[in-house]
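Each remark here refers to the structure printed beneath this line.
Protein chains: 2
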Amino acid sequence: MSQEDKIILHWLEKSRSHRILWLLEELNLEYELKVYRRTKDYRAPPELNKVHPLGKSPVIEIIKPGRSTPVILAETGYMIDYLIRNYDTEQKLVPSDEDERELVNYYLQFAEGSLQPFLVSLLVNNMAKKMAPFGAGFLVNKVVSQINNLYYGPELMKALDFLENNLKKGNGEYFVGNKLTGADIILSFPIYDNVFGDLERTKAMTGGKFDVVTKYPTMKAWADMIKKEPNLIKANEIIDSKTGTSKL
Amino acid sequence: MSQEDKIILHWLEKSRSHRILWLLEELNLEYELKVYRRTKDYRAPPELNKVHPLGKSPVIEIIKPGRSTPVILAETGYMIDYLIRNYDTEQKLVPSDEDERELVNYYLQFAEGSLQPFLVSLLVNNMAKKMAPFGAGFLVNKVVSQINNLYYGPELMKALDFLENNLKKGNGEYFVGNKLTGADIILSFPIYDNVFGDLERTKAMTGGKFDVVTKYPTMKAWADMIKKEPNLIKANEIIDSKTGTSKL
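Listed in order, the protein sequences are those of chains A and B.
With full-length UniProt numbering, the residue at position 153 of the first sequence is 153, and numbering never jumps.
With full-length UniProt numbering, the residue at position 221 of the second sequence is 221, and numbering never jumps.
Encoded structure:
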């Protein structure tokens, strides 16, 4: 396509942002990529505050002809929706069936509203264990494990059970219909990266209660398939070549 | 309007669901209301598992002529978007300006993805303090306060600062443009209910560090305005008359 809009992606390592890089590749768009590193206490660096007041990533700037200020986009689910609505001119990622299109919309909200928060809180509690001062580790571990066991762990399992069942009863190997959609792209961070990407961490986060590979075989097969998506591989390679390390 | 679709709202007390009741009133739709109570440990009751596998609220069932199974909707942000797209035939809640319509879409994701999770985690940690067994209260308090002070508290404040600034520089008293939109409706639960609805709880959740009423005067004015929205008042009255108590 001839692309009038200039797109700048602000990409942060180990963050929700890799999905947007993948999507830009999927839509064959031209863009400028700005790479940010986390601080040593695992936060987004202060430079990102200049891009968007929340200081998070991903953020996209779109410079459009005839507009004096760029369009600034944040919130991954919204960005995926926006980019597909505006730039997927061939409907590559858009299902032809209306119910399936609605299901994609649902997943764009579910992933960020009802799945990612539990993973973040499990991760925060896991880090609290590690950061506990000498001598306090046992107590911190006891307190956060109790919170995880009573709330975040069961909520995460409920969400994963739900996704496993949805995949099983679906039409194909993808989350919606029989092709790649925004649903697979948004779920790639929580499922492919967070849950299956570091099994040791997942075990630690969930108190070692269950083995996700055995418990969720359909999702594991999906994660293995996602790993081979050519444009995700391309996104990984772009980051590798820019940073000299793996994206994760 | 003559309404062909039959709508059933599954409404849970003290939950994200009151916004959907308000929206149904705002759109002047006919619907059946099913009211659920929380269990004594503050969870959604098991009956909700029969409505949707995640067992949460709000959930809407829409029985459409010519369809053998109802459409089941979950995720508040998605439901607000769906209901407005399908039933706001007079564009009552839809801005005429494209940028403003996009901003509503953004807020539907922001509220559930980047604001509500911090409030939920602060609330969970706050409940952990209260539920600590006799003698352990001091230690639990110390651990969760540390997590709140390092992560959830600052993240919540960043989100509230952002909203306060957005309201200040906006065109009117509402979050988008100069009329009520889905943005105000989705933000009513985290801002009007959670933050300003129980100032003692907000103080406890945020470690008593700041007074939200003084720090966020524009949002407080918004919350006071929202309180007077006729269709929110009507939604409150419907719940009062069904349960004999206040919705909160």
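A virtual CB, placed ideally from N, CA and C, is assigned to each residue, including glycine.
Minimum Cα-Cα distance from residue 207(B) among the listed residues 71(B), 133(B) and 129(B) corresponds to 129(B).
The Cβ-Cβ distance between residue 196(B) and residue 156(B) does not fall below 8 Å.
In its chain, beyond the 5 residues on either side, 207 have a beta carbon closer than 7 Å to the beta carbon of residue 145(B).
Ranked by Cα distance from residue 174(B), the options 95(B), 31(B), 143(B) and 137(B) are led by 95(B).
Among the CB atoms of chain B, one or more fall inside 8 Å of the CB of residue 140(A).
DSSP, reduced to helix, strand and coil, places residue 87(A) within a helical segment of the structure shown. With respect to the 8 Å criterion, residue 21(B) and residue 11(B) are classified as neighbours on the basis of their beta carbons. Using beta-carbon distances, residue 165(B) counts as an interface residue toward chain A, with a partner under 8 Å.
In this structure, residue 231(B) and residue 13(B) do not form a Cβ contact; the two beta carbons are roughly 19 Å apart against a cut-off of 8 Å. Listed along chain B is no residue with a C-beta nearer than 7 Å to that of residue 148(A); the closest approach is about 10 Å. Chain order gives no chain B residues near residue 200(A), where near means a beta carbon separation below 7 Å; the closest approach is about 22 Å. When secondary structure is reduced to three states using DSSP, residue 213(B) falls in the helix class. DSSP places residue 36(B) in the strand class (E or B) of the three-state scheme. Residue 6(B) is bridged by DSSP to 63(B).
If you look at residue 73(B), you'll find it in the beta strand (DSSP E) that goes 71-73. Listed along the chain, the chain A residues whose CB falls inside 7 Å of the CB of residue 126(B) amount to none; the nearest CB is some 11 Å away. At a cut-off of 8 Å between beta-carbon atoms, residue 54(B) makes contact with chain A. Taking the Cα of residue 63(A) as reference, the smallest distance to any Cα among 186(A), 71(A) and 86(A) is reached at 71(A). The beta carbon of residue 17(A) does not come within 8 Å of any beta carbon belonging to chain B, so the residue lies off that interface.
Nearest to residue 161(A) by alpha-carbon distance, out of 93(B), 49(B) and 236(B), is 49(B).
Residue 27(B) counts as buried, since at least 16 other C-beta atoms from the protein chains shown sit within 10 angstroms of its C-beta.
Contact between residue 182(A) and residue 104(A) holds: CB atoms are separated by about 5 Å, below the 8 Å threshold. Your pair residue 109(B) and residue 77(A) checks out as a contact, with CB atoms roughly 5 Å apart and the cut at 8 Å. Not a single unbroken stretch of the beta strand (DSSP E) spanning 3 or more residues falls wholly within the segment 110-161 of chain A. When 3(A), 67(A) and 228(A) are compared, the shortest CA-CA separation from residue 31(A) is found for 3(A).
If you check the CB distance, residue 19(B) and residue 188(B) come in under 8 Å. The beta carbon of residue 91(A) sits no closer than 8 Å to any beta carbon of chain B.
In the DSSP assignment, residue 236(A) falls within the alpha helix (DSSP H) that extends over 230-243. Inter-residue distance for residue 44(B) and residue 124(B) is about 14 Å (C-alpha atoms, whole angstroms). In the structure shown, residue 54(A) falls within a coil segment according to DSSP collapsed to helix, strand and coil. Between residue 120(A) and residue 143(B) the beta-carbon gap is near 18 Å, outside 8 Å, which marks them as no contact. Per DSSP, the continuous alpha helix (DSSP H) segment holding residue 202(B) begins and ends at 199-205. Rounded to the nearest whole angstrom, the CA to CA distance from residue 153(A) to residue 97(A) is 35 Å. Under the Cβ distance rule, residue 117(A) counts among the residues neighbouring chain B, one pair being separated by less than 8 Å.
Residue environment: residue 81(B) is assigned as buried (16 or more neighbouring CB atoms within 10 Å of its CB, all protein chains considered).
The beta-carbon of residue 78(A) is placed less than 8 Å from the nearest beta-carbon of chain B.
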